[in-house]
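Protein sequences, first through last, are from chains A and B. Numbering of the first sequence is given in this note's numbering, commencing with residue 468 and proceeding in unit increments. Numbering of the second sequence is given in this note's numbering, commencing with residue 468 and proceeding in unit increments. Data first, discussion second: the structure below is written as structure tokens.
2 protein chains.
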Amino acid sequence: MNDSDVALPDAEPLAAVVDLGTALRELIEVSVTTTVHPAEVRTAADLVRQVTERLAVARRPASQLSALDDPSTGRRVFNPVSGPGNGMAPPLRLRRAEDGLVGEATLGVAYEGPPSYVHGGMSALLMDQVLGDTAAAAGVWGMTVHLELDYRGPLPVGEKLAFRGRVAETTGRKSLIVGTIALAAAPDEPLVEARGLFVLPRQEKLTTIFGGITDASGEHRPPSRATDATAVEDE
Amino acid sequence: MNDSDVALPDAEPLAAVVDLGTALRELIEVSVTTTVHPAEVRTAADLVRQVTERLAVARRPASQLSALDDPSTGRRVFNPVSGPGNGMAPPLRLRRAEDGLVGEATLGVAYEGPPSYVHGGMSALLMDQVLGDTAAAAGVWGMTVHLELDYRGPLPVGEKLAFRGRVAETTGRKSLIVGTIALAAAPDEPLVEARGLFVLPRQEKLTTIFGGITDASGEHRPPSRATDATAVEDE
């Protein structure tokens with residue numbers, strides 16, 4: 468680590484952000500399961516606000532990408548599903564498999580819908596990411612136009628889950644991606660099946676939608692490919 | 468507030484949990500936008516871990532409902548979409564309208580997918596909750612069996628969004644619920660349209676799925692109706 472300002476991502480700024488994301492993830496899970504006295508909960512809230520104050524002294528606007536994000540590789544450190552720097556993200560890490568992407572994640576009580584099961588909408592959130600990353604990994608990035616899920620059985624909280632995505636069809640700017648969620652112990656028995664239609668917006672629409680986006684140096688940086696491929700691990 | 472242990476929810480335990488949820492929500496948003504030096508980020512992570520340690524001294528298992536949850540009213544304080552005690556939840560608050568439920572929420576950068584827009588999967592997560600709550604509010608609670616979304620346009624981060632849900636059809640244990648997300652400034656121009664099929668599991672299936680669930684006193688408490696209706700505000 469050095470003390471100079473760094474414009475490009477390097478190891479320590481990324482490691483620090485991942486460290487905070489990891490710590491926050493653990494705190495969220497403990498915060499929804501703690502049974503300590505309300506006075507202790509109040510103290511925790513005060514301490515959390517002190518941390519927030521320290522970090523809030525310098526912030527980027529929503530229109531400016533994090534210095535740790537890299538539009539050229541699609542790295543998105545704070546993605547709410549796959550970003551290790553986002554305390555809300557499990558985070559879901561995907562890797563290339565024979566015919567698409569695969570990955571595993573264990574979701575805690577913080578992700579719960581019905582008692583002891585993952586919130587049905589969480590499956591949708593995660594599958595949108597899996598399908599989108601699958602499209603991106605196949606070079607056919609697009610924005611979600613249609614997403615559809617069938618729920619065969621509930622996903623238990625605290626058990627390792629297996630995620631899969633593969634490209635079913637590609638025509639021009641459109642791609643149909645399919646995927647599943649299953650118990651990691653029984654990956655071939657899908658409990659959730661998903662289909663997503665992703666479309667790469669036309670150039671003029673990209674300009675309209677992302678016209679104001681800049682990187683950390685202030686340079687205009689509209690996404691033109693996978694913005695969320697951070698979850699795909701290089702092998 | 469008193470110092471005695473309370474088995475039933477009362478005002479202060481709930482207020483304390485909401486206070487911590489609110490503080491965590493703010494910290495998550497600041498943590499993904501801060502531009503402070505990595506050393507400061509590391510300090511923040513250390514402080515967060517200290518808070519986690521304090522809260523981790525006493526915890527409930529996933530099979531035991533929080534003492535603040537009330538199966539008889541469906542209150543779920545830590546729901547990841549509508550629970551004010553969950554730092555991941557916006558939280559989305561819904562209220563009864565003429566033909567269903569409506570509500571508003573503003574999603575910060577922590578919920579971002581493409582730069583400056585809400586993650587497509589977040590719309591799915593939120594709509595699953597809206598549709599499920601709409602079913603529950605109409606007395607036809609069930610678990611998500613099918614969820615489908617059409618995305619007409621991206622939802623900007625940091626702008627107030629309007630959510631709507633209404634029962635389209637009910638037959639026996641099944642209900643088809645529809646809903647939309649729009650800018651609160653233009654609530655009649657949906658940017659996301661969703662349809663969900665919810666089915667109340669048969670009694671034997673409920674027993675199988677929720678056989679091990681207890682309330683905070685250890686009594687068996689399988690859900691038999693809306694478990695996530697916490698978001699519906701009484702008027």
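Cβ coordinates follow ideal geometry from the N, Cα and C atoms, glycine included. The model shown is predicted, which means the values in this text are computed figures rather than measured ones.
Asked, Found
"Under the three-state DSSP convention, the category A474 of chain B falls into", "Residue placement at A474 of chain B cannot be trusted, given a pLDDT of 47 that sits under 50; the coordinates are not used to answer."
"L535 of chain B and V544 of chain B closer than 7 Å at C-beta", "yes"
"I467 of chain B (DSSP reduced to helix, strand or coil)", "This structure cannot speak to residue 467 of chain B, because chain B is shown only from 468 to 702."
"Cβ neighbours of Y584 of chain A in the same chain (closer than 8 Å, five flanking residues each side left out)", "P621, L622, P623 and V624"
"Environment of P528 of chain A [buried if 16+ CB atoms lie within 10 Å]", "exposed"
"CB contact check: D600 of chain B to chain A, cutoff 7 Å", "no"
"Segment contact, 8 Å Cβ cut-off, at least three pairs: the segment 603-622 of chain B with the segment 644-664 of chain B", "yes"
"Within 7 Å of chain A by C-beta, residues of the segment 522-537 of chain B in sequence order", "L522, A523, V524, A525, R526, R527, A529, S530 and L532"
"C-beta contact flag for V503 of chain A and L487 of chain B at 7 Å", "no"
"Endpoints, beta strand (DSSP E) assigned at M610 of chain A", "M610 to Y618"
"Residue-chain proximity (Q596 of chain B, chain A), Cβ-Cβ < 7 Å", "yes"
"Closer than 9 Å at the beta carbon, the chain A residues around A635 of chain B", "The contacting residues do not exist; A635 of chain B stays about 17 Å from chain A at best."
"Beta-carbon neighbours of S498 of chain A, restricted to chain B and to distances below 9 Å", "V484, L487, G488, L491, V518, T519, L522, F545, G552, N553 and G554"
"Cβ-based burial, A564 of chain B [other Cβ within 10 Å; buried from 16]", "exposed"
"Distance between beta carbons of M594 of chain A and L568 of chain A, contact taken as under 8 Å", "Contact flag wrong, Cβ pair sits at about 12 Å."
"Span of the beta strand (DSSP E) around A572 of chain B", "G567 to T573"
"Inter-residue Cα distance where the pair is E636 of chain B and L574 of chain B", "30 Å"
"Cα-Cα separation between D674 of chain B and L614 of chain B, rounded to whole angstroms", "One point to set straight first is that residue 674 of chain B is Thr, not Asp, in the sequence displayed. Cα to Cα, the separation comes out at about 24 Å."
"Exposed unless 16 or more other CB atoms sit within 10 angstroms - verdict on Q670 of chain A", "exposed"
"Where E579 of chain A falls: helix, strand or coil (DSSP)", "strand"
"Closer than 7 Å to chain A by CB, P480 of chain B", "yes"
"Beta-carbon gap between P582 of chain A and P480 of chain B smaller than 7 Å", "no"
"Distance CB(F665 of chain A)-CB(S642 of chain A) smaller than 7 Å", "yes"
"Minimum C-alpha distance to D566 of chain B - residue among B:Y618, B:V518 and B:L598", "B:L598"
"Any beta strand (DSSP E) of 3 or more consecutive residues that is wholly inside the segment 469-523 of chain A", "none"
"Contact set between F677 of chain B and chain A, taken where Cβ atoms lie within less than 7 Å", "P582"
"Same chain, Cβ closer than 7 Å to L484 of chain A, five either side skipped, listed in chain order", "Reading off the sequence shown, one finds Val at residue 484 of chain A, where the question assumed Leu. Taken in chain order, the residues that qualify are L535, V544 and G552."
"For G639 of chain B, three-class secondary structure by DSSP", "coil"
"Residues sharing a beta bridge with A649 of chain B, DSSP", "B:A629"
"7 Å Cβ shell around T738 of chain A - same chain, five flanking residues per side excluded", "Residue 738 of chain A is absent from the structure shown; chain A starts at 468 and stops at 702."
"Sequence-distant residues of the same chain with beta carbon closer than 6 Å to T601 of chain B, five excluded per side", "G567, L568, G632 and I644"
"Reduced DSSP secondary structure (H/G/I, E/B, other) of A602 of chain A", "helix"
"CB contact check: E656 of chain A to chain B, cutoff 7 Å", "no"
"The beta strand (DSSP E) enclosing E422 of chain B, as first and last residue numbers", "Nothing about residue 422 of chain B can be read from this structure; chain B reaches only from 468 to 702."
"For D537 of chain A: DSSP bridge partner residues", "A:R542"
"Integer Cβ distance of M589 of chain A from L592 of chain B, believed to fall under 8 Å", "6 Å"
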